[in-house]
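Novice:
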Ligand SMILES: [Zn+2]
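Structure (structure tokens):
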């Protein structure tokens, strides 16, 4: 099992795509709850951290520059 590392400003891919068809979300707030914004329709949702970690598939772009793709 890999550890999921994410931070503010990261673009993440969720397991379930947003109803608008986009599967990329940007983390716009960190805390007990995580606020993510759909990059397609700009809709934002606040979800508990545990649920976010469960539903998040992977980090596509890290704002910190720690590219872990390929
Ligand atoms: Zn959307």
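In the numbering used here, the protein residues as written are 271 to 340. The C-beta atom is built at its ideal place from N, Cα and C for all residues, glycine as well. This one's a predicted model, so the numbers in the text were calculated from it and none came from an experiment.
1. Quick check on the contact list: which residues have their beta carbon closer than 7 Å to a heavy atom of ligand 1?
2. Using C-beta distances below 7 Å, list every residue in its chain close to residue 284, excluding the 5 sequence neighbours before and after it, in chain order.
3. Is DSSP giving residue 286 helix, strand or coil here?
4. Of the choices 304, 288, 320, 321, whose alpha-carbon is the least far from that of residue 280?
Specialist: Let me lay it out:
1. 288, 289, 290, 292, 308, 310, 311, 313
2. 293, 295, 325, 326, 327
3. coil
4. 304
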